[in-house]
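Asks:
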Ligand code: 9MR
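Numbering (this note's numbering), first residue to last: 9 to 370.
1. Taking the beta strand (DSSP E) that residue 65 belongs to, which residues open and close that run?
2. Buried or exposed for residue 307, please, with buried defined as at least 16 other CB atoms from any protein chain shown within 10 angstroms of its CB.
3. To the nearest angstrom, how far is the alpha carbon of residue 125 from that of residue 202?
4. Less than 8 angstroms separating the beta-carbons of residue 289 and residue 248?
5. Quick test of the definition: if touching needs 3 or more C-beta pairs under 8 angstroms, does the region 351-360 touch the region 87-101?
6. Can we count residue 47 as close to the ligand 9MR, meaning its CB is less than 7 angstroms from some heavy atom?
7. Which two residues bound the contiguous alpha helix (DSSP H) that contains residue 256?
8. Just to confirm my understanding: we take residue 339, look at its own chain, exclude 5 residues before and 5 after, and list those with CB closer than 8 angstroms. What are they?
9. Tell me the residue span of the beta strand (DSSP E) that contains residue 214.
10. Please classify residue 333: is it buried, with 16 or more other beta-carbons within 10 angstroms of its beta-carbon, or exposed?
11. Return the chain-ordered list of same chain residues with a C-beta closer than 6 angstroms to the C-beta of residue 223, the five sequence neighbours on each side being excluded.
12. Is the closest heavy atom of the ligand 9MR to the C-beta of residue 162 under 7 angstroms?
13. Would the beta-carbon of residue 286 be found less than 7 angstroms away from any heavy atom of the ligand 9MR?
14. Mind checking which residues open and close the beta strand (DSSP E) that includes residue 103?
15. Just the Cα atoms here: how many angstroms apart are residue 283 and residue 142?
16. If we call anything under 8 angstroms between Cβ atoms a contact, is residue 63 one with residue 317?
17. Relative to the C-alpha of residue 136, which candidate in 82, 301 and 69 has its C-alpha closest?
18. For the alpha helix (DSSP H) that contains residue 132, what are its first and last residues?
19. Less than 6 angstroms between C-beta atoms, sequence neighbours within five positions excluded: which residues of the same chain meet that for residue 150?
20. Would you call residue 170 buried or exposed, if buried means 16 or more other Cβ atoms sit within 10 Å of its Cβ?
21. Here's the rule: buried if 16 or more other CB atoms are within 10 angstroms of the residue's CB, otherwise exposed. What is residue 80?
Encoded structure:
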């Protein structure tokens, strides 16, 4: 089925139309195409063949996060992360490291002492440094970039701190311990010490929202000016069929490109309702059927995103889908957010993304 469809699109490709046999082939002159994987995706033959055929970069969806590899101080659980790293090594696929630091799926032992009191920032920094050095060193040969810190910027309207200044940071436990943004600066310094060759990213969601976009921009700009080793910005890309608009995506990429040389779309999916972002509260559209109108809107939204990214291929090096198929999606298969359906067959939107027309940009 899959081969027949690819052959068909290969044959009917008109002039200027991309006639590649896979996503990675179609985009080879623009940027890498990545996918976030779970353990099943790399062990099941059908799924791992699909990964190998379509993608040039991989991210561990959960298996390299702090709580997964380092559940207690000094206790390391590498098995699942190692399997993903080995899969990349064996198949020549590049690995995006995700994520060294995050307020969620973090290890609470980093924040608290044995009496469950918050540690001092000196203790926190020591634990962070040890974690970052150990993880980065283990996967140095295969990880080409790291999300060093994930989701530090707050959602919502402006808030003022005690001195009447805008307080753009999420009030995470990191923030509570430090009272300022030093934990972010330190994490990047530790990652650079551990691997001077890896590209280091700040990664966040709702990154096209004007308020949040500007907060991300200001923070990264100021930190880079102060010598913090940030190489790139990760735009997560948890979007929906209604937004963000092509103009807003374009404006965000252009703005970030003023301050960094590397932009990755790190977690792309497009759900069929009006929710967006990386927050863990969302609706799963249980029992919902996708309508033709929703399919058309999703195809148009995917086409718009890839159009913007192709226009900025000088600074965009990788676009990663957050999960392999609708079945694997963290949003549940009834949000229909990806290019492959729950049986791993390509949907029409797969062809919309792959067979873009170089002449018209569609
Ligand atoms: O897809 C991930 C899901 O399986 C986890 O339960 C969840 C909570 O840790 O994290 C999801 O991935 C998140 C990513 O690591 C960071 N950005 C938001 C993603 C969706 O929540």
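A virtual CB, placed ideally from N, CA and C, is assigned to each residue, including glycine.
Replies: Considering the structure as presented:
1. Walking along the chain shown from the start, residue 65 turns up at place 57. Residues 65-68.
2. The sequence position of residue 307 within the chain shown is 299, counting from 1. Result: buried.
3. In the chain shown, residue 125 corresponds to position 117, counting from 1. In the chain shown, residue 202 corresponds to position 194, counting from 1. Distance between the alpha carbons of residue 125 and residue 202: 29 angstroms.
4. As a first step, residue 289 must be located in the chain shown, where it is residue number 281. As a first step, residue 248 must be located in the chain shown, where it is residue number 240. Going by C-beta atoms, residue 289 is not nearer than 8 angstroms to residue 248.
5. no
6. Taking the first residue of the chain shown as position 1, residue 47 is located at position 39. Not under cutoff, so the answer is no.
7. Your numbering for residue 256 matches position 248 in the chain shown. Element bounds for residue 256: 254-265.
8. The count along the chain shown starts at 1 and reaches residue 339 at position 331. Only 277, 279, 290, 292 and 345 meet the Cβ criterion.
9. By 1-based counting over the chain shown, the position of residue 214 is 206. Where residue 214 is concerned, there is no enclosing beta strand (DSSP E), given that its DSSP letter is neither H nor E.
10. Residue numbering aside, residue 333 sits at position 325 when the chain shown is read from its first letter. Looking at its Cβ environment, which holds 16 or more other Cβ atoms inside 10 Å, residue 333 is buried.
11. Here residue 223 is taken as the residue at index 215 of the chain shown, counted from 1. Correct list, in chain order: 161 and 176.
12. Here the question's residue 162 lines up with position 154 in the chain shown. No; taking the cut-off as 7 angstroms, the Cβ of residue 162 has no heavy atom of the ligand 9MR nearer than that.
13. Indexing the chain shown from 1 puts residue 286 at position 278. True, at least one ligand heavy atom lies under 7 angstroms from that Cβ.
14. Counting from 1 along the chain shown, the entry for residue 103 is found at position 95. Residue 103 -> beta strand (DSSP E) spans 102-105.
15. Counting from 1 along the chain shown, the entry for residue 283 is found at position 275. Counting from 1 along the chain shown, the entry for residue 142 is found at position 134. Cα to Cα, the separation comes out at about 37 angstroms.
16. Position 55 of the chain shown, counting from 1, holds the residue named residue 63. Position 309 of the chain shown, counting from 1, holds the residue named residue 317. No, these two residues do not count as a Cβ contact at 8 angstroms.
17. As a working note, residue 136 is residue 128 in the chain shown. The residue with the shortest Cα to Cα distance from residue 136 is 82.
18. Here the question's residue 132 lines up with position 124 in the chain shown. Note, residue 132: alpha helix (DSSP H), 129-146.
19. Residue mapping note: residue 150 aligns to position 142 of the chain shown, counting from 1. Cβ within range, chain order: 93, 96, 97 and 103.
20. Numbered from its first residue, the chain shown carries residue 170 at position 162. So residue 170 ends up on the exposed side.
21. Reading the chain shown from its first residue, position 72 is the one you call residue 80. Answer is exposed; the Cβ neighbour count stays below 16.
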